[in-house]
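Engineer: Residue numbers (our numbering): 1 to 530.
Cβ coordinates follow ideal geometry from the N, Cα and C atoms, glycine included.
Here the structure is a predicted model, which is why all the values come from computation and not from measurement.
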């Protein structure tokens, strides 16, 4: 018989993702289908061990979060003031991490505005390097606790300013988290030397709270800016999508930025207990670290039409702009009382209602009142558990008008309410008041079509019939926003059951759920056509 030797090309020892195969025993199978010939060869492979890091780097990180947790300030207001914190890594999907070295966390401490770090060091150095670690979905890794003080190597306090601590994972993938703390040694020394002067300043309503408790690593908040007046001065509030209110404490953007009436936006912020006396009722407050997205709302589109004949729109505690303060102040003591109402809905609503009665803004027999109350009852029946602010937005009523009709409906026992933290939720009388909290229905979600979430649903609806659904990166590009903000909203829409994802190759792609399609087709989401 004749032997035929065929020279084949060199094979790269890589897998189907283009990464080097793992070291160890492998089996090479050769087949010649035309002649029915099959043979195999076992061999030992030893490479440069780059495969694990390569595969870890190719993972989708849209569902991975590396955050600062359990942040607290010790010995606040003293020269021994310091910050305690932990680090957490969590993923909703299984995640592989390749650790090339023993130390897993690198930390850098630098004052905002300085060109070089004050200190750089490593932590979590107990594990051997060159290892691969797998985190199962919804499980977390924790590091710490770690402590940061503000004393230099010579024992003297560090320079005053905003100090930023950056934590970086040394593995692959490499992720980063940050925390910020305002260090003010001059204030501490001044307060220690002149306690009485400090107390006098606070009594004048201009003192700054000493405690830094509540500072955190940061989060995303999205909402509208409103200006509030109190007896101690004015305060800007960011009202988020759920109606929660956060006072503006400071701005670390480094740009000439300030809130203004009719401004909506998304911001990367961190919380702080520091703030002016005027904002004390809304603490903790927020410090803006980064402006992610902003837009000015069209005043005509935002205007509320009063649908009850003869009923003038009532002014609640929220004022659209500081220039209105002098006008409202002229209403006298009652107007001032209304302006000092706190942020909690269950306080503001009764005050708004009584303010309307005292000022004569609600007629005893308002024309069309029963029609409006019918609208409210129907809407509450369809959206059990809806809170006051969402109801206000959905029905296009003024704050005082809605509060008046809700009070009438409660007195007639056609609806009832239950307090839920800062919110008041409303339920139809068809649902028993004795229903346990865990059995109460969850209201159907209705994103504002003009919000980023509404636009995401609109884009997904437009591209619903395409072969390949859109990825997070493609959605961010179409809506001209950051992937960070897009990831935040996609996760929220997933939790609400309006969007689902599917992994295609190395990326997750998103599509509308049947529930979202049904709501869009029934016009419950009010998403406009393209």
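Tell me the residue span of the beta strand (DSSP E) that contains residue 86.
Structural biologist: Here residue 86 refers to the residue found at position 86 of the chain shown. From DSSP, the beta strand (DSSP E) with residue 86 extends over 82-91.
Engineer: What are the boundary residues of the alpha helix (DSSP H) that residue 379 is part of?
Structural biologist: Your numbering for residue 379 matches position 379 in the chain shown. Here the alpha helix (DSSP H) through residue 379 covers 369-382.
Engineer: Enumerate in chain order the residues of its own chain whose CB-to-CB distance from residue 25 is below 7 Å, with the five nearest sequence positions on each side excluded.
Structural biologist: For the purposes of this step, residue 25 is identified with residue 25 of the chain shown, where counting begins at 1. 42 and 44.
Engineer: Given that a residue counts as buried once 16 or more other Cβ atoms are within 10 Å of its Cβ, and exposed if not, what is residue 121?
Structural biologist: Locating residue 121 in the chain shown gives position 121, where the first residue counts as 1. With fewer than 16 other Cβ atoms within 10 Å, it is exposed.
Engineer: Using alpha carbons as the reference points, say which of 107, 226, 80 and 97 lies closest to residue 158.
Structural biologist: Mapped onto the chain shown, residue 158 falls at position 158. When only C-alpha atoms are compared, the closest one is 80.
Engineer: Whole angstroms are fine: how far does the CA of residue 515 sit from the CA of residue 381?
Structural biologist: Here residue 381 corresponds to residue number 381 of the chain shown, with the count starting at 1. Here residue 515 corresponds to residue number 515 of the chain shown, with the count starting at 1. Using only the alpha carbons, I get a separation of about 19 Å.
Engineer: What does the alpha-carbon distance come out to for the pair residue 215 and residue 378?
Structural biologist: By one-based count along the chain shown, residue 215 stands at place 215. By one-based count along the chain shown, residue 378 stands at place 378. Residue confidence for residue 215 is low, a pLDDT of 40 falling below 50, so the modelled location carries little weight; the figure read from the coordinates is stated next. Answer to the nearest angstrom: the Cα atoms are 43 Å apart.
Engineer: When DSSP labels each residue in this structure, what does residue 474 get in the three-state scheme?
Structural biologist: The sequence position of residue 474 within the chain shown is 474, counting from 1. Correct three-state label for residue 474: helix.
Engineer: On the three-state DSSP scale, how would you describe residue 205?
Structural biologist: For this step, residue 205 is matched to residue 205 along the chain shown. The predicted model places residue 205 with a pLDDT of 42, which falls under 50 and marks its position as unreliable, so this point remains unresolved.
Engineer: Between the segment 144-161 and the segment 231-251, are three or more C-beta pairs nearer than 8 Å?
Structural biologist: Because the criterion of three Cβ pairs below 8 Å is not met, the segment 144-161 and the segment 231-251 do not touch.
Engineer: Would you report the Cα separation of residue 517 and residue 293, rounded to the nearest angstrom?
Structural biologist: Along the chain shown, one-based indexing puts residue 517 at 517. Along the chain shown, one-based indexing puts residue 293 at 293. Cα-Cα distance, rounded: 27 Å.
Engineer: Going by DSSP, what residue range makes up the beta strand (DSSP E) through residue 74?
Structural biologist: Taking the chain shown and counting its residues from 1, one reaches residue 74 at position 74. Taken as a continuous stretch (DSSP letters only), the beta strand (DSSP E) holding residue 74 covers 64-74.
Engineer: Where does residue 83 land, buried or exposed, given buried means 16+ other C-beta within 10 angstroms?
Structural biologist: What you label residue 83 is simply residue 83 of the chain shown in a count that begins at 1. By the 10 Å Cβ count, residue 83 comes out buried.
Engineer: Identify the continuous beta strand (DSSP E) that holds residue 38 and give its terminal residues.
Structural biologist: Counted from its first residue, the chain shown places residue 38 at position 38. Counting along the chain, the beta strand (DSSP E) containing residue 38 begins and ends at 37-45.
Engineer: Determine the burial state of residue 117: buried for a count of at least 16 other Cβ atoms within 10 Å of its Cβ, exposed for fewer.
Structural biologist: Along the chain shown, read from residue 1 onward, the residue named residue 117 stands at position 117. Classification of residue 117: exposed, given that the 10 Å Cβ count is below 16.
Engineer: In whole angstroms, what is the alpha-carbon distance linking residue 119 and residue 163?
Structural biologist: For the purposes of this step, residue 119 is identified with residue 119 of the chain shown, where counting begins at 1. For the purposes of this step, residue 163 is identified with residue 163 of the chain shown, where counting begins at 1. Roughly 11 Å between the two C-alpha positions.
Engineer: Mind pulling the beta strand (DSSP E) runs of 3 or more residues that sit fully within the segment 137-174?
Structural biologist: Entirely contained in the segment 137-174, the beta strand (DSSP E) runs reaching 3 residues are, in chain order, 140-149 and 161-169.
Engineer: Taking Cβ to Cβ, would you say residue 296 is nearer than 8 Å to residue 274?
Structural biologist: Stepping through the chain shown from its first residue, residue 296 is reached at position 296. Stepping through the chain shown from its first residue, residue 274 is reached at position 274. Contact flag unset, no.
Engineer: Less than 8 Å between the beta carbons of residue 77 and residue 111, yes or no?
Structural biologist: For this step, residue 77 is matched to residue 77 along the chain shown. For this step, residue 111 is matched to residue 111 along the chain shown. No, Cβ-Cβ distance for residue 77 and residue 111 is not below 8 Å.
Engineer: Does the contact criterion of 3 or more C-beta pairs under 8 Å hold for the segment 172-185 versus the segment 129-144?
Structural biologist: The answer is no - the segment 129-144 does not touch the segment 172-185, with fewer than three Cβ pairs under 8 Å.
Engineer: Could you tell me which of 124, 141 and 131 sits nearest to residue 104, measuring between CA atoms?
Structural biologist: The residue labelled residue 104 in the question sits at position 104 within the chain shown. When each option's Cα is compared against that of residue 104, the closest is 124.
Engineer: Which residue comes first and which comes last in the alpha helix (DSSP H) that contains residue 538?
Structural biologist: Residue 538 is absent from the model: the chain starts at 1 and stops at 530.
Engineer: In terms of residues, what are the limits of the alpha helix (DSSP H) holding residue 279?
Structural biologist: Numbered from 1 along the chain shown, position 279 holds the residue referred to as residue 279. Taken as a continuous stretch (DSSP letters only), residue 279 belongs to no alpha helix (DSSP H), as it is neither H nor E.
Engineer: Within 10 angstroms of its Cβ, does residue 48 collect 16 or more other Cβ (buried), or is it exposed?
Structural biologist: Stepping through the chain shown from its first residue, residue 48 is reached at position 48. That one is exposed.
Engineer: Find the nearest neighbour of residue 40 within the set 50, 2, 420 and 28, judged by alpha-carbon distance.
Structural biologist: Counting from one through the chain shown, the residue named residue 40 turns up at place 40. The shortest C-alpha separation from residue 40 is found at 28.
Engineer: Would you call residue 34 buried or exposed, if buried means 16 or more other Cβ atoms sit within 10 Å of its Cβ?
Structural biologist: Here residue 34 refers to the residue found at position 34 of the chain shown. Classification of residue 34: exposed, given that the 10 Å Cβ count is below 16.
Engineer: Are residue 100 and residue 144 touching if we call contact CB-CB under 8 Å?
Structural biologist: Here the question's residue 100 lines up with position 100 in the chain shown. Here the question's residue 144 lines up with position 144 in the chain shown. Against a cut-off of 8 Å, the Cβ pair of residue 144 and residue 100 comes out as no contact.
Engineer: Report the start-end ranges of each beta strand (DSSP E) in the segment 221-251 that is 3 residues or longer and not cut off at the edges.
Structural biologist: If we require 3 residues or more, the beta strand (DSSP E) runs fully inside the segment 221-251 come out as 233-240 and 245-251.
Engineer: In terms of residue numbering, what span does the alpha helix (DSSP H) encompassing residue 486 cover?
Structural biologist: Counting from one through the chain shown, the residue named residue 486 turns up at place 486. Note, residue 486: alpha helix (DSSP H), 483-495.
Engineer: Excluding sequence positions up to five away, which residues of its chain have a Cβ less than 8 Å from the Cβ of residue 232?
Structural biologist: On the chain shown, position 232 is the one that residue 232 refers to. 205, 276, 277, 278 and 280.
Engineer: Please state the DSSP three-state secondary structure of residue 77.
Structural biologist: The residue given as residue 77 occupies position 77 in the chain shown. If DSSP states are grouped into helix, strand and coil, residue 77 belongs with coil.
Engineer: Quick one: Cα of residue 569 to Cα of residue 224, how far?
Structural biologist: Residue 569 falls outside the range modelled here, since the chain spans only 1 to 530, and no answer is possible.
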